[in-house]
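Chains A and B, in that order, are what the protein sequence lines are. Position one of the first sequence corresponds to residue 96 (this note's numbering), numbered consecutively onward. Position one of the second sequence corresponds to residue 2 (this note's numbering), numbered consecutively onward. Inspection log for the structure reproduced underneath, given as structure tokens.
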Amino acid sequence: MFGIPDPAIWLAMICCIIGALICTVYGAMHWNSDSDSAVLEPDDVKWAEEEKKIDGEL
Amino acid sequence: MTALMGVLPLLLAGTAVNMKVLTLVTVLYVLAIGYLGFRSYKTTKTSTDYLLAGRNIHPYVMAISYGATFISTSAIIGFGGVAANLGLGLLWLTFLNIFVGIFIAFVLFGKRTRRMGHNLDAHTFAEFLGRRFQSRFIQMFAGAVIFILMPLYAAAVLRGGAEFIKATFAVDLGVATFVFALIVAAYVVAGGLRGVMFTDALQGSIMFVGMLLLLVMTYAKVGGFTGGHEALTALAPQMPEDLQKGGMIGWTAMPKLASPIWYSLVTTIILGVGIGVIAQPQLAVRFMTVKSGRELNRAVLVGGIFILAMTGIAFIVGALSNVYFWNLEGKIAIDAAAGNVDQVIPLYINSAMPGWFVVIFMLTLLSAAMSTMSSQFHTMGTAIGRDLFEEGIRKGRDKGVQSILVTRIGIIVAFAVTLALALWMPGSIVAAATAVFFGVAAVAFLPAYIGGLFCRRITRAGAIAGMTSGFALAILWLAFIHAKNAGFLGICQLLFKKATLGTLPWTVIDPLVVALPISTLVTIVVSLMTKAPDAAHLDRCMAGVGRCKSAPAPLPVEAGAR
Numbered sequence: 096m097f098g099i100p101d102p103a104i105w106l107a108m109i110c111c112i113i114g115a116l117i118c119t120v121y122g123a124m125h126w127n128s129d130s131d132s133a134v135l136e137p138d139d140v141k142w143a144e145e146e147k148k149i150d151g152e153l
Numbered sequence: 002m003t004a005l006m007g008v009l010p011l012l013l014a015g016t017a018v019n020m021k022v023l024t025l026v027t028v029l030y031v032l033a034i035g036y037l038g039f040r041s042y043k044t045t046k047t048s049t050d051y052l053l054a055g056r057n058i059h060p061y062v063m064a065i066s067y068g069a070t071f072i073s074t075s076a077i078i079g080f081g082g083v084a085a086n087l088g089l090g091l092l093w094l095t096f097l098n099i100f101v102g103i104f105i106a107f108v109l110f111g112k113r114t115r116r117m118g119h120n121l122d123a124h125t126f127a128e129f130l131g132r133r134f135q136s137r138f139i140q141m142f143a144g145a146v147i148f149i150l151m152p153l154y155a156a157a158v159l160r161g162g163a164e165f166i167k168a169t170f171a172v173d174l175g176v177a178t179f180v181f182a183l184i185v186a187a188y189v190v191a192g193g194l195r196g197v198m199f200t201d202a203l204q205g206s207i208m209f210v211g212m213l214l215l216l217v218m219t220y221a222k223v224g225g226f227t228g229g230h231e232a233l234t235a236l237a238p239q240m241p242e243d244l245q246k247g248g249m250i251g252w253t254a255m256p257k258l259a260s261p262i263w264y265s266l267v268t269t270i271i272l273g274v275g276i277g278v279i280a281q282p283q284l285a286v287r288f289m290t291v292k293s294g295r296e297l298n299r300a301v302l303v304g305g306i307f308i309l310a311m312t313g314i315a316f317i318v319g320a321l322s323n324v325y326f327w328n329l330e331g332k333i334a335i336d337a338a339a340g341n342v343d344q345v346i347p348l349y350i351n352s353a354m355p356g357w358f359v360v361i362f363m364l365t366l367l368s369a370a371m372s373t374m375s376s377q378f379h380t381m382g383t384a385i386g387r388d389l390f391e392e393g394i395r396k397g398r399d400k401g402v403q404s405i406l407v408t409r410i411g412i413i414v415a416f417a418v419t420l421a422l423a424l425w426m427p428g429s430i431v432a433a434a435t436a437v438f439f440g441v442a443a444v445a446f447l448p449a450y451i452g453g454l455f456c457r458r459i460t461r462a463g464a465i466a467g468m469t470s471g472f473a474l475a476i477l478w479l480a481f482i483h484a485k486n487a488g489f490l491g492i493c494q495l496l497f498k499k500a501t502l503g504t505l506p507w508t509v510i511d512p513l514v515v516a517l518p519i520s521t522l523v524t525i526v527v528s529l530m531t532k533a534p535d536a537a538h539l540d541r542c543m544a545g546v547g548r549c550k551s552a553p554a555p556l557p558v559e560a561g562a563r
């Protein structure tokens, strides 16, 4: 297949494409899920403040 | 398609790099990076902006910026060159890059890491592990491992870029390394250590377009999709004798099962790098900077395609470069590159591609290296300043001016060590150095990281035992058993007057395959033998992610028994 005699190689090619398709389908299906986690908790704000401070120091 | 094929001869015309074009494109690139950095700086004034800024950003921008951090010159130059030697079997690494490095990492690890990291107010990977297991030792140990070993990976990235500059401008490798190091240093000083999302996205986009063009033009050069593969298959008798003895059959076939090259390809390159990516400190921390779990879902879509276009194309082009060089010079790629694997891709691009593309591709590589190295130096800086100095020497007190000074000195030291390593390392080293870091990081961190995220029964003692035993075993294996690395380090030769203490097949098996199961077993057994962790601490860690459904009131960070 594809001019490649060893199935272990063309299978790798197909698996790469299937893997990318799985990522695409998953991302599209869950495009808006977990939107509840978009609400910032106090821990998130505290974390962001510290992270910004670290970045500033660096 | 017909129109594209008609345009291709025009695109492929000319091979010399035009200095005017090079200067113009480079200036435009620097201006674009500067503008995007300034724009991002202006819109991120307060600390909550840091998280909130991403709400209105297109998911493409968000996702492609992750990819730019993942992929570096190491993947394109180093592993692309390895594919020129070992063939298309490397595509199994691309599969793991996509399935493990994107899908598993983002879906299973990303959301938990983000939530738990915020719950524990952890800002480095070492701090994440230390606070999860309430152990200052774990934070220090992980910080030390990162600070000591990561320069090896950074040097591989630097060397990859330098090899391309060397081939493009026909300059000495030392000069190329210095010039590239200066460019990276200027970028880091001007733009800060954490890559700005918009600049990362621009760099990622350049990488994406550059690699797609490379794939199309390569297939056009070697006789098309099927024709190119057939031509590569027909080259099998030209495989060098040492590779044939090692188990290679051809570039379109896996090596003979259980042959030395098969072990090397499968255990070091495919499994070591493919699995090791999960326990990469600079990537795990990246999950914490994400705005929400929703963004991680969206990033999976773009990330899967992006990684396919990066490593997949690099490996295919690396293997097919044999057909190009054979048709041109009657030599296979490694011979054309005078035996230096790291020179194959730079030589191929400069020889086969038109001048305008060489410029685009150089920007692609600069982009890949800069975005990755900025995150590497961020990780090394915080490892020395926050994990080792603040937690180790200051015992968590007085996080002030001294800490900043130590961090900055640490970054300068790490940069100097990286530069020295990049200058000193032998040829054909980029992929090997990367694989060593990925493998050791996986062995040392993965059991504790997985246990910390998913299992309430893993204890502090179990995590410490697993990390230390895994790390020690991996280093001993590299120094005394694994023939290639033991020979390179020379410790075994010095002590025992032998290149390695092992015998085949152990001398070609990566430490990951031996040490990771052992460090995992040690983590589990010691955890079961010791007292279960405090339930209140676990609830705090896993609020919003684990069995604890409602988030308990946040505790002061210092409240954990450290």
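Cβ atoms here follow ideal geometry from the backbone N, Cα and C, with glycine treated the same way.
Does the CB of Ile109 of chain A have a neighbour CB from chain B at under 7 Å?
Not an interface residue.
So the candidates are B:Ser470, B:Leu454, B:Leu513 and B:Ile459; which of them puts its Cα closest to the Cα of Glu483 of chain B?
The identity of residue 483 of chain B in the sequence shown is His, whereas the question assumes Glu. When B:Ser470, B:Leu454, B:Leu513 and B:Ile459 are compared, the shortest CA-CA separation from His483 of chain B is found for B:Leu513.
Taking 7 Å as the CB-CB limit, is Trp252 of chain B close to chain A?
Closer than 7 Å: no.
Please compile the residues from chain A whose C-beta is within a distance smaller than 8 Å of the C-beta of Phe416 of chain B.
Neighbours of Phe416 of chain B in chain A, taken as residues whose beta carbon is under 8 Å from its own, are absent, since the nearest beta carbon is some 13 Å off.
If we define contact as Cβ-Cβ less than 7 Å, is Arg541 of chain B a contact residue for chain D?
Checking the listed chains, one finds no chain D in this structure; the protein chains it contains are A and B.
Taking the alpha-carbon positions, what's the Gly68 of chain B to Leu496 of chain B distance?
As the crow flies, the alpha-carbon of Gly68 of chain B is around 43 Å from that of Leu496 of chain B.
Counting only Cβ pairs nearer than 9 Å, list the residues of chain A close to Thr114 of chain B.
Residues of chain A whose Cβ lies closer than 9 Å to the Cβ of Thr114 of chain B do not exist; the shortest such Cβ separation is about 12 Å.
At 8 Å on the CB atoms, spell out the chain A contacts of Thr227 of chain B, in chain order.
Listed along chain A are Phe97 and Gly98, each with a C-beta nearer than 8 Å to that of Thr227 of chain B.
Where Ala443 of chain B and Leu97 of chain B are concerned, what is the direct C-alpha to C-alpha distance, given to the nearest angstrom?
C-alpha separation (whole angstroms): 14 Å.
Chain-order list of residues whose beta-carbon lies under 7 Å from that of Tyr36 of chain B (same chain, five-residue window excluded):
Here the set comprises nothing.
Simplified DSSP state of Glu136 of chain A, which is helix, strand or coil:
For Glu136 of chain A, the three-state secondary structure derived from DSSP is coil.
Where do the N-terminal and C-terminal ends of the alpha helix (DSSP H) with Arg461 of chain B fall, by residue?
Membership of Arg461 of chain B in the alpha helix (DSSP H) is indicated by the continuous run Arg461 to Phe481.
Distance CB(Pro261 of chain B)-CB(Gly273 of chain B) smaller than 7 Å
Not closer than 7 Å, so no.
Judging by CA-CA distance, which residue of A:Ile117, A:Ile99 and A:Gly98 is the nearest neighbour of Leu309 of chain B?
Closest by alpha carbon: A:Ile117.
Contact residues within the region 86 to 113 of chain B, judged by C-beta distance below 8 Å to chain A
Listed in sequence order: Gly88, Leu89, Gly90, Leu92, Trp93, Thr95, Phe96, Ile99, Phe100, Ile103, Phe104, Val108 and Lys112.
Closer than 7 Å, CB to CB, is Leu302 of chain B near chain A or not?
Yes, contact with chain A.
Give the interface partners of Asp122 of chain B over in chain A, defined as CB-CB distance under 9 Å, in chain order.
In chain order: Asp138, Lys141, Trp142 and Glu145.
When you compare the region 221 to 229 of chain B with the region 87 to 95 of chain B, are there three or more beta-carbon pairs, one atom per stretch, that lie closer than 8 Å?
Between the region 221 to 229 of chain B and the region 87 to 95 of chain B, the count of C-beta pairs closer than 8 Å stays below three; the two stretches do not touch.
Quick check on this structure: which residue in B:Val441, B:Arg541 and B:His379 has the alpha carbon closest to the alpha carbon of Gly412 of chain B?
A small correction: the amino acid at residue 412 of chain B is Ile; Gly does not occupy that position in the sequence shown. Minimum Cα distance to Ile412 of chain B is reached at B:His379.
Would you verify that the beta carbon of Met20 of chain B is, or is not, closer than 7 Å to some beta carbon of chain A?
With 7 Å as the cut-off, Met20 of chain B does not count as an interface residue toward chain A.
When you compare the CB of Asn298 of chain B with every CB in chain A, is at least one pair closer than 7 Å?
It does; some Cβ of chain A falls within 7 Å.
According to the neighbour-count rule (16 or more other Cβ atoms, all chains shown, within 10 Å of its Cβ), is Ala254 of chain B buried or exposed?
Taking all protein chains shown into account, Ala254 of chain B has 16 or more neighbouring C-beta atoms within 10 Å of its C-beta and is therefore buried.
Reference Pro427 of chain B; option with closest CA among B:Thr74, B:Ala76, B:Ile279 and B:Arg160
Across the set B:Thr74, B:Ala76, B:Ile279 and B:Arg160, the C-alpha of B:Arg160 shows the shortest separation from the C-alpha of Pro427 of chain B.
Anyone know if the C-beta pair for Ala480 of chain B and Ile279 of chain B falls short of 7 Å?
No, the pair does not count as a contact, with Cβ atoms beyond the cut-off.
By the criterion of Cβ-Cβ separation under 9 Å, what are the contact partners of Ala309 of chain B in chain A?
Residue identity differs from the one stated: residue 309 of chain B is Leu in this sequence, not Ala. The contacting residues are Cys111, Ile112, Gly114, Ala115 and Cys118.
Nearest-angstrom Cα separation, counted from Thr312 of chain B out to Ala163 of chain B
Between Ala163 of chain B and Thr312 of chain B, the C-alpha separation is close to 19 Å.
What's the C-alpha gap between Ile361 of chain B and Phe455 of chain B?
Their Cα atoms are separated by approximately 43 Å.
Nearest-angstrom beta carbon gap, Thr373 of chain B and Met208 of chain B [assumed within contact, 8 Å]:
About 11 Å; that fails the 8 Å criterion.
Ranges of the beta strand (DSSP E) found wholly within the region 156 to 183 of chain B, counting only runs of at least 3
Runs found: none.
Would you mind listing the alpha helix (DSSP H) stretches within the region 233 to 298 of chain B that are 4+ residues and don't spill past its ends, in chain order?
Counting only runs of 4 or more residues that sit fully inside the region 233 to 298 of chain B, the alpha helix (DSSP H) segments are 242 to 247, 261 to 264 and 282 to 289, in chain order.
Among B:Ile34, B:Gln140, B:Lys112 and B:Met20, nearest to Met468 of chain B - alpha-carbon criterion
Among B:Ile34, B:Gln140, B:Lys112 and B:Met20, the Cα nearest to that of Met468 of chain B is on B:Gln140.
Simplified DSSP state of Lys498 of chain B, which is helix, strand or coil:
In the structure shown, Lys498 of chain B sits in coil (DSSP, three-state: anything other than H, G, I, E or B).
For a test of the three-state rule: what should DSSP assign to Leu121 of chain B, helix, strand or coil?
Note: Leu121 of chain B maps to coil in three-state DSSP.
Is it right to say Leu422 of chain B is buried, meaning 16 or more other beta carbons lie within 10 angstroms of its own, or is it exposed?
So Leu422 of chain B ends up on the buried side.
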